[in-house]
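Asker:
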Amino acid sequence: MLDPFIKSPDDIFGRSDLNQLLSNYPDVERNHFKLWLSSSGVLDRILHSQTYNFSSFELDCITENLKFYVTNQSFDKALELLQENKVIIISGEPGTGKTTLAQMLVLNCWVPAILP
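When we follow the numbering used here, the leftmost residue of the sequence shown carries the number 6, and every step to the right adds one.
1. For S79, report the span of its alpha helix (DSSP H) as first-last.
2. Quick check: L106 and S79, are their CB atoms within less than 8 Å of each other?
3. Ordered along the chain, which non-local residues of its own chain (more than five positions away) have a Cβ less than 7 Å from that of Q108?
4. Measure the alpha-carbon distance for L27 versus V33 and round it to whole angstroms.
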């Protein structure tokens, strides 16, 4: 009955197989809105799209700033304190690089392999 379509048991897909395929090809899930109803990932992206978009924008800005950043003692000390205490306060005069230091620490925690 299914002979031309199913040649072996490997041709039969279960729930986990389908979910894995949807994970591998997220555009399929995005293009077929009926799949959203059962996908917590897509619903989460929709409900929190502003946060995701802002985070993506921030990451792009930080990555752009990385081109001009030179690691120094303050970075190493701040990273050490952050790893020890899980929190850090960065203070200083305007224009001394507090925001840039914070961005580089975020980037280091997010993607450690990127920083020199």
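Ideal Cβ positions, reconstructed from N, Cα and C, are used throughout, including at glycine.
Answerer: If we stick to the structure as given:
1. For S79, the enclosing alpha helix (DSSP H) begins and ends at 78–90.
2. It is a contact, given that the beta carbons lie within the stated cut-off.
3. By the criterion of a C-beta distance shorter than 7 Å, Q108 is surrounded in its chain by I67, N70, once the five residues flanking it on both sides are discounted.
4. If I take the Cα positions, the gap works out to 7 Å.
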